[in-house]
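Written out below as C-alpha cells is the structure these notes cover.
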C-alpha cells in the first residue's frame, strides 16, 4: 500500500491520485454475450434508429413497471426536461427537489425558465423529507409561492415516501415527477417503481453505471395519454404525424407538422437493443446488489460507519451503497479517508455534493444552513463500490482499505 504523509501539500497528493489506477470502480456495466448479439442484430438490420426496437424496449419497461406508457430518450436529463415541459413548467413557476441529487434533477426546471428550491433530506433514507416538505409547503402557501412541480429523488435506489408526498400534492395542488434514475427494479409498497400510482411521470436512467444500461439513455413513464403524447412530440422536434393533432388536414401521406418547439432527444435502436436485452437480467442484477449489500453490512458491522437504512415499505434498486463515517470515532477526516481509499485503488465516490453548493445555484442565494441534514450528509458520506460483478474478495479489500491506517495513522 502506498504511504502518503497527510501533511504533504494538497496539490502533491492530488497529482499522485490522478496518476493512480483504480482497480475497483464504484460502478461498472455488466455486458453479456447476449447483449452484444442483440446490438449486432440491429447493426445488421435496416434500422439503426427510429425502427421497431425502441417501441419494443418501451413496451418491456412499461409492462415490467405496470405503467401505461413509456417514452425512451437519449438521457434521463432529457426525460426530466420533457417531463417538466409536458407539465407546463415555465417562467414564473417554482420546482422543488432534493438537494442530495445530481444537478439534472434541478437543471430540468431551469431549462424551462422556472425557479428551483430544495427540500431538506430525511436523516435515515437521505431522500426528500416528508416532514420538511410539509413544513415548507405551509410557509409557501402563506406567501402564495407554492411549487408547480415537486421532484422527489429515489436516492441510491430507495423510493421516497411517495404515498405521503402524493397526499400533499392533492392538498397543495402540485404535480409530481419521480426521479427514479437509480431505482429501476426496485419496489414501493410491493409494486414496481415506475407504475406512476403516486406521480404524474417517473424517470429512469440507463447510464453505464446504472442498474441496466443502454450506453446513454433514459425513459419517462406515465399513465396519462395526454402527457405521453406531449412528451413523445417533444423528444422529436415537436413534430406530429397524427392528423388529430394537426391544424389542417394532411396534404398527403408524406405530411407532418411541427406543433411546438421540441428537441432531438430520440434514443437509437442500437441503444434500445442493449436495454431490451439487459431487461432480461434486471431482477437478477437487483438481487445480486442486495446480496452485496448484505455482505457489506456484515463486514462493516463493527466499524464506525452508519450503513444504509432501508425503509420497510421499500425494496431498493440499490444502485449505490452509501456509508456515513462516524468521524467522532476516528482520528482522520472525511477527506483523508476518501483519499486513502482512492490511493488504494478503490473507486469510491460521493453522491452527491448538495446542489445548492454548486456555483450556479449558490449565486441564486441559497444558504447551506437552511439544509442541515443535507450538510451533515455531505460531511460524512462515501459511496462504496457496488456493481453486479463485484466479488466478495473485492468487498473485503474495500473494507480493509476503509479501516486500515496508512503509515503512522490510527484511524479507528
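Residue numbers (the numbering used here): 898 to 1309. Note that the Cβ used here is the ideal one computed from N, Cα and C, for glycine as well. Here the structure is a predicted model, which is why all the values come from computation and not from measurement.
When only Cα atoms are considered, residue 1282 and residue 1153 end up about 48 Å apart.
Taking the Cα of residue 1041 as reference, the smallest distance to any Cα among 990, 1081, 1062 is reached at 990.
Excluding the 5 residues flanking it on each side, residue 1182 has same chain C-beta neighbours closer than 6 Å at 1108, 1285, in chain order. Residue 1115 is bridged by DSSP to 970, 1102.
Secondary structure note for residue 1300: it is in no beta strand (DSSP E), and the uninterrupted alpha helix (DSSP H) holding it is 1289–1300. Taking C-beta separations shorter than 6 Å and ignoring five residues to either side along the sequence, the partners of residue 1200 in its chain run 1300, following chain order. Nearest C-alpha to residue 921 among 1302, 1053, 1246: 1246. Apart from the 5 residues on each side of it in sequence, residue 938 has no Cβ closer than 6 Å to any other Cβ in its chain. Distance check between residue 931 and each of 956, 1170, 1227, 1222 places 1170 closest, using alpha-carbon atoms only.
Between residue 1074 and residue 977, the C-beta gap is smaller than 8 Å, which places the two residues in contact. Its chain contains no residue whose beta carbon lies nearer than 6 Å to that of residue 1198 once the 5 sequence neighbours on both sides are disregarded. Per DSSP, reduced to three states, the secondary structure at residue 1040 is coil, with no helix or strand assignment. Sixteen is the threshold: since fewer than 16 other Cβ atoms of the shown chains lie within 10 Å of the Cβ of residue 1035, the residue is exposed.
Spatial neighbours of residue 1127 in its own chain (CB-CB distance under 6 Å, excluding positions within 5 residues in sequence) are listed in chain order as 983. Check the Cα spacing between residue 1140 and each of 1133, 1125, 1156: the tightest is with 1156. The shortest C-alpha to C-alpha distance from residue 1049 to any of 1008, 1093, 1010 is the one to 1093. Burial is judged here by how many other beta carbons sit within 10 angstroms of a residue's own beta carbon; residue 1060 has fewer than 16 and is exposed. Inter-segment contact for the region 1163–1180 and the region 1109–1117 is present: three or more beta-carbon pairs are separated by less than 8 Å.
If only complete runs of 4 or more residues are kept, the region 973–998 shows the alpha helix (DSSP H) at 973–983, in order along the chain.
Judged by DSSP in its simplified three-state form, residue 1180 adopts helix.
Scanning 1294, 993, 1193 for the CA closest to the CA of residue 1005 turns up 993.
DSSP places residue 1142 outside any alpha helix (DSSP H), giving it a letter other than H or E.
Around the beta carbon of residue 998, 16 or more other beta carbons lie within 10 angstroms, which makes this residue buried.
The alpha-carbon separation between residue 1194 and residue 947 amounts to approximately 45 Å. Under the DSSP assignment, residue 1273 falls in the alpha helix (DSSP H) whose first and last residues are 1269–1277. Exclusion of the five residues before and after residue 924 leaves 1106, 1284 as the residues of its chain whose Cβ lies within less than 6 Å of its Cβ. The DSSP-derived three-state label of residue 1066 is helix.
With a contact defined as Cβ atoms closer than 8 Å, residue 1241 and residue 1298 qualify at about 4 Å.
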